[in-house]
């Protein structure tokens, strides 16, 4: 498995996304408001490529969230559909102030430019997101434990993540996290979120890399998150 593919699998498995609330990879025990939707979009600048992501998600019922989206990657002056993802998240106990929460996430991802052209087998993953609030939400910690099954390689990787959120004001939050699997050296990411309009429009930026000397897997991202009021 190439370093690029290993990085992508980690990002989708510990996701949503990419798959947590932007810009964190480590997921949280929260979902969007019932009958509301969100759009998470961002540009991720790698050493030799740029990724353009869009992940719409909605909550069809209380404590549930469905996400469907993907990415286009531009490399060597060419753009191509690189990633497709479908994910479902359910909370058994939502996170509350000075308490904890946990849930279950299952998902399926395809990588058109990485998988064999004829197979498009894709990968399945699942993990348990758990979150805890301390000091009246002045510090929030997240942990993920899960697994990703690579159907093409016929193997399962155990995945993990540990993340933190530290609100600096009503509009600014700092984030830091580390995540990986049992086969390779971990990644880290740090950045900030800024609420342009509280609970409706958020922008973010991060820097990340692998935890090793002279790694060329560093990236920089900038994102936009839009959240709606209840739509039905």
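Numbering (the numbering used here), first residue to last: 147 to 378. C-beta atoms are modelled at their ideal positions from N, C-alpha and C, and glycine is treated no differently.
- Where residue 233 is concerned, the enclosing beta strand (DSSP E) starts and stops at 224-239.
- Taking a C-beta distance under 8 Å as the contact criterion, residue 241 and residue 279 qualify as a contact pair.
- A distance below 6 Å between beta-carbons, with the five flanking residues on each side excluded, links residue 346 to the following residues of its chain, in chain order: 373.
- Residue environment for residue 206: exposed (fewer than 16 other C-beta atoms within 10 angstroms of its C-beta).
- Residue 378 counts as exposed, since fewer than 16 other C-beta atoms from the protein chains shown sit within 10 angstroms of its C-beta.
- The three-state reading of DSSP puts residue 179 in coil, since its state is none of H, G, I, E or B.
- Annotation: residue 291 to residue 249 spans about 11 Å, alpha carbon to alpha carbon.
- Sequence-distant Cβ neighbours of residue 209 in its own chain, meaning closer than 7 Å and more than five residues away, are 177, 236, 237 and 240.
- Around the beta carbon of residue 228, 16 or more other beta carbons lie within 10 angstroms, which makes this residue buried.
- Taking 8 Å as the cut-off, the beta carbon of residue 354 is found no closer than this to the beta carbon of residue 170.
- Excluding sequence positions up to five before and after residue 187, its CB lies within less than 7 Å of the CB of 199, 200, 369 and 370, all in the same chain and listed in chain order.
- DSSP places residue 167 in the coil class of the three-state scheme, outside both helix and strand.
- Counting the other Cβ atoms within 10 Å of the Cβ of residue 333 gives 16 or more, which makes it buried.
- Partner residues in the beta bridge of residue 308, as assigned by DSSP, are 289 and 324.
- For the pair residue 318 and residue 168, the Cα-to-Cα distance works out to about 13 Å.
- In the three-state reduction of the DSSP assignment, residue 195 falls in the coil class, being assigned neither a helical nor a strand state.
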